[in-house]
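**Student:** Going by the numbering used here, the sequence shown opens with residue 15, and the numbers climb by one from there.
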Amino acid sequence: MSKILVLPGDGIGKEIIAQALKVINRLNDEFNLDMELIKGLIGGAAYDETGSPLPQETINLAHDCDSILLGAVGGYEWESLERDLRPERGLLGLREEMDLYANLRPAILYPQLASASSLKEELVSGLDLMIVRELVAGIYFGSPRGVIEKNGQSFGFNTATYYQSEIERIGHSAFQIAQKRDKRVCSVDKANVLEVCELWRETMENVAKSYPDVELSHIYVDNAAMQLVKEPKQFDVMVTSNLFGDILSDCAAMLTGSIGMLPSASLNKDNYGMYEPIHGSAPDIAGKDIANPLATILSVAMMLRYSLGQAKIADKVGMAVNVVLDQGYRTKDIAADGDKVVGTEEMGDLVVSALQ
Ligand code: IPM
Ligand code: MG
Numbered sequence: 015m016s017k018i019l020v021l022p023g024d025g026i027g028k029e030i031i032a033q034a035l036k037v038i039n040r041l042n043d044e045f046n047l048d049m050e051l052i053k054g055l056i057g058g059a060a061y062d063e064t065g066s067p068l069p070q071e072t073i074n075l076a077h078d079c080d081s082i083l084l085g086a087v088g089g090y091e092w093e094s095l096e097r098d099l100r101p102e103r104g105l106l107g108l109r110e111e112m113d114l115y116a117n118l119r120p121a122i123l124y125p126q127l128a129s130a131s132s133l134k135e136e137l138v139s140g141l142d143l144m145i146v147r148e149l150v151a152g153i154y155f156g157s158p159r160g161v162i163e164k165n166g167q168s169f170g171f172n173t174a175t176y177y178q179s180e181i182e183r184i185g186h187s188a189f190q191i192a193q194k195r196d197k198r199v200c201s202v203d204k205a206n207v208l209e210v211c212e213l214w215r216e217t218m219e220n221v222a223k224s225y226p227d228v229e230l231s232h233i234y235v236d237n238a239a240m241q242l243v244k245e246p247k248q249f250d251v252m253v254t255s256n257l258f259g260d261i262l263s264d265c266a267a268m269l270t271g272s273i274g275m276l277p278s279a280s281l282n283k284d285n286y287g288m289y290e291p292i293h294g295s296a297p298d299i300a301g302k303d304i305a306n307p308l309a310t311i312l313s314v315a316m317m318l319r320y321s322l323g324q325a326k327i328a329d330k331v332g333m334a335v336n337v338v339l340d341q342g343y344r345t346k347d348i349a350a351d352g353d354k355v356v357g358t359e360e361m362g363d364l365v366v367s368a369l370q
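Written out as structure tokens, the structure reads:
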């Protein structure tokens, strides 16, 4: 039996998680998977109920479970709270608490959706790229940080920090993933300006020595952004720091036509993972039954593959999503002329039926 902590969070989180749970319940029935679902609070929803975006109860549950399925956090109503109480702190705190340093963000173009990309079809057709983002260090967590009074005015500062060991472990994750793919790692940094990136580059070179079958290249982050929109198919695995990965993964996701399609995994050294769609809580469309639940459903597939040792069943979930797309069903975000536009609930039901 595996225990899954389910954290719907805010905005569209509840609606999309509800669809993923239908899929899990179906898999439980069909394949005797015995996944136990335990609901918890995070983000603004947790703040409203408990006064904290990451209640101790949620931390305890996270330690007690085998993996986490998360919807999304954040919303307008919590934006003016003091920083430590904002929904995003819940997510960052959980990443840190569980040491989920390896964030895998695939950008895969579904052939059925090629026309939804903002790039020309020939540039993106067949796109299959994996961004490996360091998730628990770098400027997101470095100290000192703050806003103080200095020289008669306000002064804000953050610090981009990496220990060699923190770079090494994300490097190993990236190389090991590349070994199962096209065996190419491109490390993204800003070593021409930042010392911390010099260490990053040098450390990646050293890690590469353990993987003679994988080719390592380096690119500056500004050029990486340019290359991603110019010729995205040149990349196999990209490995990068927390902040650069945040930015580049949104860019890569959009190349595929819809950020509503892409799942992610955040893993620790034991492959304990938190699984969530790449997109956010989209408060502007919450409660309207138009959000795309496929990224969350595909996050369940990633969970089966990476944390629960059920690769074959993960494939079945992926295939079910393909069947539904082949049948021409689309949520609004990925729909083109002639498609059958369906809502969040119906899309969830369609995937469940395609699983049978
Ligand atoms: C992401 C998000 C988060 C991040 C926010 C919500 C804190 O943008 O997962 O990419 O910046 O890491
Ligand atoms: Mg982001």
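Note that beta-carbon positions come from the ideal geometry of N, C-alpha and C, so glycine has one too.
The alpha helix (DSSP H) spanning residue 61 covers which residue range?
**Tutor:** Locating residue 61 in the sequence shown gives position 47, where the first residue counts as 1. From DSSP, the alpha helix (DSSP H) with residue 61 extends over 57 to 64.
**Student:** Beta carbon of residue 24: closer than 7 angstroms to some heavy atom of the ligand MG?
**Tutor:** If you number the sequence shown from 1, residue 24 lands on position 10. No, the ligand MG has no heavy atom inside 7 angstroms of this Cβ.
**Student:** So, at 7 angstroms on beta carbons, what are the nonlocal neighbours of residue 282 in its own chain, with the 5 sequence-adjacent residues on each side left out?
**Tutor:** As a first step, residue 282 must be located in the sequence shown, where it is residue number 268. 112, 113, 114 and 115.
**Student:** Relative to the ligand IPM, is the shortest distance from any of its heavy atoms to the C-beta of residue 371 smaller than 7 angstroms?
**Tutor:** Missing from the structure shown is residue 371; the chain here goes from 15 to 370 and no further.
**Student:** Would residue 83 and residue 314 be called neighbours here (beta carbons separated by less than 8 angstroms)?
**Tutor:** Your numbering for residue 83 matches position 69 in the sequence shown. Your numbering for residue 314 matches position 300 in the sequence shown. Going by C-beta atoms, residue 83 is nearer than 8 angstroms to residue 314.
**Student:** Find out if the Cβ-Cβ distance for the pair residue 256, residue 166 is shorter than 8 angstroms.
**Tutor:** Start at 1 with the first residue of the sequence shown, and residue 256 comes out as number 242. Start at 1 with the first residue of the sequence shown, and residue 166 comes out as number 152. No, they are not a contact pair.
**Student:** Go to residue 265, then tell me how far its beta strand (DSSP E) extends in each direction, as first and last residue.
**Tutor:** By 1-based counting over the sequence shown, the position of residue 265 is 251. Residue 265 -> not in any beta strand (DSSP E); alpha helix (DSSP H) instead, spanning 256 to 269.
**Student:** DSSP three-state call for residue 170: helix, strand or coil?
**Tutor:** By 1-based counting over the sequence shown, the position of residue 170 is 156. Reduced to three states, the DSSP call for residue 170 is strand.
**Student:** Rounded C-beta distance between residue 331 and residue 364? I'm assuming under 8 angstroms.
**Tutor:** Counted from its first residue, the sequence shown places residue 331 at position 317. Counted from its first residue, the sequence shown places residue 364 at position 350. Actually they are not in contact, since the Cβ atoms of residue 331 and residue 364 sit about 13 angstroms apart, beyond 8 angstroms.
**Student:** Any contact between the segment 240 to 260 and the segment 97 to 111? By contact I mean 3 or more CB pairs, one from each, below 8 angstroms.
**Tutor:** In short, these stretches do not touch, since the Cβ pair count stays below three.
**Student:** For residue 316, report the span of its alpha helix (DSSP H) as first-last.
**Tutor:** Here residue 316 refers to the residue found at position 302 of the sequence shown. Segment 308 to 320, the alpha helix (DSSP H) holding residue 316.
**Student:** Can you list, in chain order, every residue whose CB sits closer than 6 angstroms to a heavy atom of the ligand SAH?
**Tutor:** Questions concerning the ligand SAH fall outside what the structure shown contains, since the ligands it does hold are the ligand IPM and the ligand MG.
**Student:** For the putative contact between residue 30 and residue 291, defined by C-beta atoms under 8 angstroms, what is the C-beta separation to the nearest angstrom?
**Tutor:** As a first step, residue 30 must be located in the sequence shown, where it is residue number 16. As a first step, residue 291 must be located in the sequence shown, where it is residue number 277. That pair is a contact at about 7 angstroms.
**Student:** Do you know offhand how far residue 278's Cα is from residue 34's?
**Tutor:** As a first step, residue 278 is located in the sequence shown; it is residue number 264 there, counting from the start. As a first step, residue 34 is located in the sequence shown; it is residue number 20 there, counting from the start. Rounded to whole angstroms, residue 278 to residue 34 spans 14 angstroms at the Cα level.
**Student:** Going by DSSP in three states, residue 77 sits in which element: helix, strand or coil?
**Tutor:** Indexing the sequence shown from 1 puts residue 77 at position 63. Note: residue 77 maps to helix in three-state DSSP.
**Student:** Report yes if the CB atom of residue 23 is closer than 8 angstroms to the CB atom of residue 85, and no otherwise.
**Tutor:** Start at 1 with the first residue of the sequence shown, and residue 23 comes out as number 9. Start at 1 with the first residue of the sequence shown, and residue 85 comes out as number 71. The answer is yes: Cβ separation under 8 angstroms.
**Student:** Does the separation of the CB atoms of residue 201 and residue 232 fall below 8 angstroms?
**Tutor:** To locate residue 201, count along the sequence shown from 1; it is residue 187. To locate residue 232, count along the sequence shown from 1; it is residue 218. In this structure, residue 232 lies closer than 8 angstroms to residue 201 by Cβ.
**Student:** So is residue 126 buried or exposed if we call it buried at 16+ other beta carbons inside 10 Å?
**Tutor:** For the purposes of this step, residue 126 is identified with residue 112 of the sequence shown, where counting begins at 1. Buried.
**Student:** On the DSSP bridge list, what partners appear for residue 117?
**Tutor:** In the sequence shown, counting from the first residue as 1, residue 117 sits at position 103. Note: residue 117 sits in a beta bridge opposite 147 and 280.
**Student:** To the nearest angstrom, how far is the alpha carbon of residue 280 from that of residue 310?
**Tutor:** As a position in the sequence shown, residue 280 is number 266, starting the count at 1. As a position in the sequence shown, residue 310 is number 296, starting the count at 1. Going from the Cα of residue 280 to the Cα of residue 310 covers about 14 angstroms.
**Student:** Quick one: is the Cβ of residue 294 within less than 7 angstroms of any heavy atom of the ligand IPM?
**Tutor:** Counted from its first residue, the sequence shown places residue 294 at position 280. The answer is yes for residue 294.
**Student:** Let me check you understand the geometry: is the CB of residue 106 closer than 7 angstroms to at least one non-hydrogen atom of the ligand IPM?
**Tutor:** On the sequence shown, residue 106 is found 92 positions in, with the first residue counted as 1. Answer for residue 106: yes, Cβ within range of the ligand IPM.
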